[in-house]
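Beneath this line is the structure, given in structure tokens, with notes to follow.
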Amino acid sequence: MTRRDTLRTVWEYIILTIACLIFAMAWECFMIPNGMSAGGMMGLCTVIQFATGGLIPAQYSYIAINALLIIVAVIAMGIGFGFKTIYCITVSSLLMGILDKMEFLQAIPGSFFFMEERVLIPIVAGVFEAVGLGLVLRYGGSTGGTDIIALMVNKYYPVSLSMVFLISDVAICALLLALPDKNFSDMCYGLEEVVIFSLVIDIVVGGKRSSYQLLVFSEKYGQIADHIINNMDRGVTVLKAQGWYTKSDKNVLLILINQTQLSELSHVIKELDPRAFMSISPTRNVYGEGFEEIKTGVKLKKKNKNHGIA
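Here the sequence shown stands for residues 1 to 310, where the numbers follow this note's numbering.
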């Protein structure tokens with residue numbers, strides 16, 4: 001590893017640490033001190049904390065559930081999550097434990113972040129969580145949780161990732177209704193945070209469920225394509241092209257990839273060929289294996305036809 005690579009790696013982990021702090025603040029400074037929950041794995045962990053009267057703090061169940069999910073996912077799918085994911089989960093849990101004891105940073109009466117209007121708390125928390133998690137995703141990390149569940153469900157059942165996220169977020173928010181001291185308004189605060197989070201993370205990284213189309217022009221297209229096939233579990237298409245200025249034939253790589261893998265692929269291309277030319281375009285919908293299932297309504301039409309319905 002060169003000195004430049006070392007400095008880049010150090011910088012990435014500094015950003016990841018700051019991102020984990022922002023993510024942890026969303027929960028320990030805003031949501032949890034005000035008895036609020038939301039979607040995602042942290043939402044489930046806060047419900048556990050409220051249900052046990054604080055006996056099981058959110059940061060403990062968060063790291064325990066994620067550890068279990070990673071083990072199950074590796075057994076079921078052989079996923080290599082990488083060190084960054086484990087690092088982000090661990091650091092986030094440690095920072096939540098520290099922030100839990102720093103009452104002057106919590107949005108409660110007498111502190112700097114106190115807000116008299118409770119409706120503002122989920123808005124601020126959603127922004128903090130989106131910025132924190134967005135930076136984590138942007139630098140190739142992950143906080144685990146429902147991301148892992150969505151990947152496992154999507155592998156074995158024809159359900160889109162976005163649908164799994166939506167169902168899990170609403171279900172976790174609804175769990176608050178099972179607690180004796182919570183009501184419908186508490187659930188609405190959670191859904192408010194989920195909506196704000198979804199809107200802001202689109203700005204930060206284009207959304208955690210987004211996909212991208214890449215066109216890569218490189219003399220080392222073979223090495224790049226082999227890396228994508230062998231190490232990233234993604235397909236790649238080689239297009240025949242002609243450089244009009246040189247009149248020479250070129251091979252161009254066409255790649256469709258999830259946002260969470262974009263950072264890794266960009267680094268790989270830069271390392272293999274610093275002179276490579278790359279065009280990146282966000283795609284709204286990608287259907288097929290590894291992405292979302294095509295919803296055509298063909299099965300419904302056949303079913304209706306069999307029942308004599310026009």
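Don't be surprised by glycine CBs; every beta carbon is placed ideally from N, CA and C.
Three-state secondary structure assigned by DSSP to residue i
i, result
"residue 60", "helix"
"residue 139", "coil"
"residue 174", "helix"
"residue 245", "coil"
"residue 302", "In this predicted model, residue 302 has a pLDDT of only 47, less than 50, meaning its place in the structure is not dependable enough to derive any value."
"residue 108", "coil"
"residue 37", "coil"
"residue 115", "coil"
"residue 25", "helix"
"residue 283", "strand"
"residue 96", "helix"
"residue 102", "coil"
"residue 295", "Residue placement at residue 295 is poorly supported in this model, since its pLDDT is 49, which falls under 50; the coordinates still yield a value, given next. Three-state result, residue 295: coil."
Contact check, residue i vs residue j, beta carbons under 9 Å
i, j, result
"residue 62", "residue 41", "yes"
"residue 66", "residue 190", "no"
"residue 281", "residue 214", "yes"
"residue 130", "residue 197", "yes"
"residue 50", "residue 182", "yes"
"residue 212", "residue 143", "no"
"residue 187", "residue 199", "no"
"residue 165", "residue 43", "no"
"residue 319", "residue 240", "Outside the shown range of the chain (1 to 310) lies residue 319, about which nothing can therefore be said."
CA-to-CA distance, residue j to residue i, given in whole angstroms
i, j, result
"residue 194", "residue 127", "10 Å"
"residue 18", "residue 116", "28 Å"
"residue 105", "residue 34", "13 Å"
"residue 267", "residue 29", "35 Å"
"residue 31", "residue 48", "14 Å"
"residue 122", "residue 16", "23 Å"
"residue 135", "residue 86", "16 Å"
"residue 219", "residue 279", "15 Å"
"residue 257", "residue 265", "9 Å"
"residue 20", "residue 27", "11 Å"
"residue 118", "residue 37", "13 Å"
"residue 57", "residue 120", "24 Å"
"residue 109", "residue 97", "21 Å"
Nearest-angstrom Cβ-Cβ length linking residue i and residue j, presumed shorter than 8 Å
i, j, result
"residue 276", "residue 217", "7 Å"
"residue 24", "residue 137", "That belief does not hold up - the Cβ atoms of residue 24 and residue 137 are roughly 16 Å apart, past 8 Å."
"residue 253", "residue 229", "Residue 253 to residue 229, Cβ: 11 Å. No contact."
"residue 88", "residue 141", "4 Å"
"residue 103", "residue 111", "7 Å"
heavy atom of the ligand GDP below 8 Å from residue i C-beta
i, result
"residue 58", "Within the structure as shown, the ligand GDP is missing, as the structure has no ligands at all."
Min CB distance residue i to chain C below 9 Å
i, result
"residue 91", "Within the model displayed, chain C is absent; a lone protein chain is all it includes."
Exercise for the section: Report the residue ranges of all alpha helix (DSSP H) runs contained in full by the segment 210-272; include only those spanning at least 4 residues, in chain order. Expected result: If we require 4 residues or more, the alpha helix (DSSP H) runs fully inside the segment 210-272 come out as 221-231 and 259-272.
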